[in-house]
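Visitor: From first to last, the protein sequence lines are chains A and B. Every position in the first sequence, counted from 1, becomes a number in my numbering once 7 is added. Every position in the second sequence, counted from 1, becomes a number in my numbering once 7 is added. Cβ coordinates follow ideal geometry from the N, Cα and C atoms, glycine included. Source: prediction; values computed, not measured.
Number of protein chains: 2
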Amino acid sequence: MNDLKKDNTEEKILNAAQNVFIEKGMDGARMQAIADEAGINKALLHYYFRTKEKLFNAIFTKVFSQIFPNLMTMVRSERPLEEKLGMFVETYIDLLQKNPFLPTFILKEMNRNPDFLAKIIKGSGVNPTEVIAMFEKEMDAGKIRRMDPRDILVNILGLSIFPIAAGPLITIMFFENDKAAYKAFIERRKKTVTEFVLNSILIK
Amino acid sequence: MNDLKKDNTEEKILNAAQNVFIEKGMDGARMQAIADEAGINKALLHYYFRTKEKLFNAIFTKVFSQIFPNLMTMVRSERPLEEKLGMFVETYIDLLQKNPFLPTFILKEMNRNPDFLAKIIKGSGVNPTEVIAMFEKEMDAGKIRRMDPRDILVNILGLSIFPIAAGPLITIMFFENDKAAYKAFIERRKKTVTEFVLNSILIK
DNA sequence: TTTTGATTTAACCAACTGGTCAAAAATAAA
DNA sequence: TTTATTTTTGACCAGTTGGTTAAATCAAAA
Chain A
8 MNDLKKDNTE EKILNAAQNV FIEKGMDGAR MQAIADEAGI NKALLHYYFR TKEKLFNAIF
68 TKVFSQIFPN LMTMVRSERP LEEKLGMFVE TYIDLLQKNP FLPTFILKEM NRNPDFLAKI
128 IKGSGVNPTE VIAMFEKEMD AGKIRRMDPR DILVNILGLS IFPIAAGPLI TIMFFENDKA
188 AYKAFIERRK KTVTEFVLNS ILIK
Chain B
8 MNDLKKDNTE EKILNAAQNV FIEKGMDGAR MQAIADEAGI NKALLHYYFR TKEKLFNAIF
68 TKVFSQIFPN LMTMVRSERP LEEKLGMFVE TYIDLLQKNP FLPTFILKEM NRNPDFLAKI
128 IKGSGVNPTE VIAMFEKEMD AGKIRRMDPR DILVNILGLS IFPIAAGPLI TIMFFENDKA
188 AYKAFIERRK KTVTEFVLNS ILIK
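#1: By the 10 Å Cβ neighbour count, where 16 or more other Cβ atoms means buried, how is Thr136 (chain A) classified, buried or exposed?
#2: Asp155 (chain B) lies in the alpha helix (DSSP H); which residues open and close that run?
#3: Quick check on Phe228 (chain A) - is its C-beta less than 7 Å from some C-beta in chain B?
#4: Can you pull the chain B neighbours of Gly32 (chain A), defined as C-beta to C-beta under 9 Å?
#5: Ignore the nearest five residues each way along the sequence and tell me which others in Arg196 (chain B)'s own chain have a CB closer than 7 Å to its CB.
#6: Which residues of chain A have a Cβ atom closer than 8 Å to the Cβ of Leu124 (chain B), listed in chain order?
#7: So, is Arg153 (chain A) buried or exposed, given that buried needs 16 or more other C-beta atoms within 10 angstroms?
#8: Starting from the C-beta of Lys59 (chain A), find all residues in its chain whose C-beta is less than 6 Å away, skip the five residues before and the five after it, and write them out in chain order.
#9: To the nearest angstrom, how far is the alpha carbon of Val161 (chain B) from that of Val82 (chain B)?
#10: Residues of the segment 75 to 95 of chain B with a CB closer than 7 Å to any CB of chain A: list them in chain order, please.
#11: Less than 7 Å between CB atoms is the rule here; does Val70 (chain A) satisfy it with respect to chain B?
#12: Alpha carbon to alpha carbon, how far is Ile177 (chain A) from Asp185 (chain A)? Give it in angstroms, no decimals.
#13: Nearest chain A C-beta to Asp158 (chain B) closer than 7 Å, yes or no?
#14: Measure the Cβ-Cβ separation of Ile74 (chain B) and Ala24 (chain B) and say whether it is below 7 Å.
#15: How long is the line joining the alpha carbons of Ala42 (chain A) and Asn26 (chain A), rounded to whole angstroms?
#16: Taking all protein chains shown into account, decide if Leu164 (chain A) is buried (16 or more other Cβ within 10 angstroms of its Cβ) or exposed.
#17: So Ala125 (chain B) and Ile179 (chain A) are in contact, right, with Cβ under 8 Å, and what is the actual spacing, rounded?
#18: Give me the residue from B:Glu17, B:Lys190 and B:Leu209 with the minimum Cα distance to Arg57 (chain B).
#19: Should the segment 140 to 152 of chain A be called in touch with the segment 87 to 99 of chain B, which here means at least 3 C-beta pairs below 8 Å?
#20: Which same chain residues end up closer than 7 Å to Ser84 (chain B) when comparing Cβ atoms and leaving out the 5 residues on each side of it in sequence?
#21: Exposed or buried, which one is Met219 (chain A) when buried takes at least 16 other CB atoms within 10 Å?
#22: In this structure, what does DSSP give as the bridge partners for Leu209 (chain A)?
#23: In chain B, which residues lie less than 9 Å from Ser131 (chain A) when you measure between Cβ atoms?
#24: Give the residues of chain A in contact with Thr98 (chain B), contact being defined as C-beta atoms less than 9 Å apart.
#25: Asn64 (chain B): which of B:Pro87, B:Glu116, B:Ala187 and B:Asn206 sits nearest, CA to CA?
#26: With 16 as the cutoff for other CB atoms within 10 Å, does Asn48 (chain A) come out buried or exposed?
#27: For Lys31 (chain A), which residues of its own chain have a beta-carbon under 7 Å away from its beta-carbon, when the five flanking residues on both sides are left out?
#28: Over the uninterrupted alpha helix (DSSP H) stretch that includes Phe123 (chain B), give me the two end residues.
#29: The alpha helix (DSSP H) that contains Arg57 (chain A), what's its start and end?
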């Protein structure tokens, strides 16, 4: 068995599947479309990943675990809160801007199959304790006002994710379908979201 | 033609279709499932709405135009900003809590077919000018800090919608899959989201 | 009662979809 | 080279899906 060729085909499949699944979702994706995008035969697709479900699970797990841990490392840094938040928001919005279908994909599929989501989360060892502890430390230090740290995290995520997920709506309602204007709007939010959050939680 | 019977069947279909489409989305929904839920024959379903697409468009239009205008009336009231915002957030989160699949449904489908979304928005005459004008008036009056009013609106929507759309994730990560705890969390947010926003935009 | 038109149904169909299989091609081992 | 193993392919299949049709049922008008 040629490892190089095998790895190559498998990688081509994973890339193709990721593209198709993220855009169309589990129900909308077609095995034939994935095979086409990978430039291979449909039978070969089934040779590598026996079923659509197995392939989908592989992709969902991959995508999901690519996003969260990377951002955790940022939280762990020793920078002041303002900087950490700024970096997080900027990196995150940037990532989503480059993958505009990612938010709806994850949101839709986590609602379609919450059990599988639970399995992944438990398996990946990702838990938000660290982030929560960080916010609590800042509260103890009197730097930010007292509130449920979970609200802070959810708020940051909502402020970053929603504007991308609702991109088409915003583009039409606010910018008369001018995509460049929408893009600039999102670009600005890399700064304004941080300001908005800090303005709300910081004690002056 | 018996109007009563016709209306009744059509209404049964619309209700059933709304349930199925909102939960499964366009791709995941099955005409047979809709017929079953409506308690009728599949042929009858096609008799009332010739194609799946026509039925879906009817539902999407209906759902979409049910949500936005209702909330506009709230904005038009002469109450102070704090009250208006409080009412809006509370009503909106409450609506979403009762229809947890609504956010992902609309987000997913608006991304699947942005052209149709544009058509609906143009048709419904809904535009956010009024809300933007309202925020600008408050800025002129020195009540809230100067910023892009579109950001304020998007932020409020994101803070309200995202926690419902990401319900499964939050339930697992923050509440060890305890649905009641998640529900209480969302309940609390009816107040805390308003506080969070006011804290950020109000000039003290 | 008969007739007319709308409503409802069971049976059916063609296209699509995920998945299989046996054989061919390519690669590695002997 | 020959043999064994893995990778790739084209043809195929069974189940599903959206949609059709002709006939049956029903309600109201004549």
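Guide: Once the coordinates are examined:
#1: Taking the first sequence and counting its residues from 1, the one referred to as residue 136 (chain A) is at position 129. Result: exposed.
#2: Here residue 155 (chain B) refers to the residue found at position 148 when the second sequence is read from its first residue. Asp155 (chain B) -> no alpha helix (DSSP H), and no H or E assigned at all.
#3: A query on residue 228 (chain A) cannot be resolved here, the shown segment of chain A reaching from 8 to 211 and no further.
#4: Along the first sequence, one-based indexing puts residue 32 (chain A) at 25. Those are Gly32, Asp34, Gly35, Lys115 and Arg119, listed as they occur along chain B.
#5: Looking up residue 196 (chain B) in the second sequence gives position 189. If we look at Arg196 (chain B) and ignore the five residues flanking it on each side, its Cβ neighbours are Ile100 and Pro170.
#6: Within the second sequence, the letter at position 117 stands for residue 124 (chain B). Neighbours of Leu124 (chain B) on chain A, chain order: Pro175, Leu176 and Ile179.
#7: Numbered from 1 along the first sequence, position 146 holds the residue referred to as residue 153 (chain A). By the neighbour-count rule (16 or more Cβ atoms within 10 Å), Arg153 (chain A) is not buried but exposed.
#8: The count along the first sequence starts at 1 and reaches residue 59 (chain A) at position 52. Cβ within range, chain order: Met38.
#9: If you number the second sequence from 1, residue 161 (chain B) lands on position 154. If you number the second sequence from 1, residue 82 (chain B) lands on position 75. Cα to Cα, the separation comes out at about 15 Å.
#10: none
#11: Here residue 70 (chain A) refers to the residue found at position 63 when the first sequence is read from its first residue. Output row for Val70 (chain A): interface = no.
#12: As a working mapping, residue 185 (chain A) is identified with position 178 in the first sequence. As a working mapping, residue 177 (chain A) is identified with position 170 in the first sequence. Taking the straight line from one Cα to the other gives about 10 Å.
#13: As a position in the second sequence, residue 158 (chain B) is number 151, starting the count at 1. Yes, Asp158 (chain B) counts as interfacial toward chain A.
#14: Residue 74 (chain B) sits at position 67 when you count from the first residue of the second sequence. Residue 24 (chain B) sits at position 17 when you count from the first residue of the second sequence. For Ile74 (chain B) and Ala24 (chain B), no; Cβs fall outside 7 Å.
#15: Walking along the first sequence from the start, residue 42 (chain A) turns up at place 35. Walking along the first sequence from the start, residue 26 (chain A) turns up at place 19. In a straight line, the C-alpha of Ala42 (chain A) is about 12 Å away from that of Asn26 (chain A).
#16: The residue you call residue 164 (chain A) lines up with position 157 of the first sequence. Flag for Leu164 (chain A) reads buried.
#17: What you label residue 125 (chain B) is simply residue 118 of the second sequence in a count that begins at 1. What you label residue 179 (chain A) is simply residue 172 of the first sequence in a count that begins at 1. Going by Cβ atoms, the distance from Ala125 (chain B) to Ile179 (chain A) rounds to 5 Å, so yes, they are a contact pair.
#18: Within the second sequence, residue 57 (chain B) is the residue found at index 50, counting from 1. Among B:Glu17, B:Lys190 and B:Leu209, the Cα nearest to that of Arg57 (chain B) belongs to B:Glu17.
#19: no
#20: For the purposes of this step, residue 84 (chain B) is taken as the residue at position 77 of the second sequence. Apart from the 5 residues on each side of it in sequence, Ser84 (chain B) sits with its Cβ closer than 7 Å to the Cβ of Lys91 in its chain, given in chain order.
#21: A query on residue 219 (chain A) cannot be resolved here, the shown segment of chain A reaching from 8 to 211 and no further.
#22: Here residue 209 (chain A) corresponds to residue number 202 of the first sequence, with the count starting at 1. Note: Leu209 (chain A) sits in a beta bridge opposite A:Ile151.
#23: Translated into positions along the first sequence, residue 131 (chain A) becomes position 124. Under the 9 Å cutoff, chain B gives no residues; its nearest Cβ is about 11 Å from Ser131 (chain A).
#24: Against the second sequence, residue 98 (chain B) aligns to sequence position 91. The contacting residues do not exist; Thr98 (chain B) stays about 18 Å from chain A at best.
#25: Here residue 64 (chain B) refers to the residue found at position 57 when the second sequence is read from its first residue. Among B:Pro87, B:Glu116, B:Ala187 and B:Asn206, the Cα nearest to that of Asn64 (chain B) is on B:Glu116.
#26: As a position in the first sequence, residue 48 (chain A) is number 41, starting the count at 1. Answer is exposed; the Cβ neighbour count stays below 16.
#27: Within the first sequence, residue 31 (chain A) is the residue found at index 24, counting from 1. If we look at Lys31 (chain A) and ignore the five residues flanking it on each side, it has no Cβ neighbours.
#28: For this step, residue 123 (chain B) is matched to residue 116 along the second sequence. It spans Pro121 to Ser131 - the alpha helix (DSSP H) in which Phe123 (chain B) sits, taken as one unbroken run.
#29: Translated into positions along the first sequence, residue 57 (chain A) becomes position 50. It is not in any alpha helix (DSSP H) - Arg57 (chain A) carries neither H nor E in the DSSP assignment.
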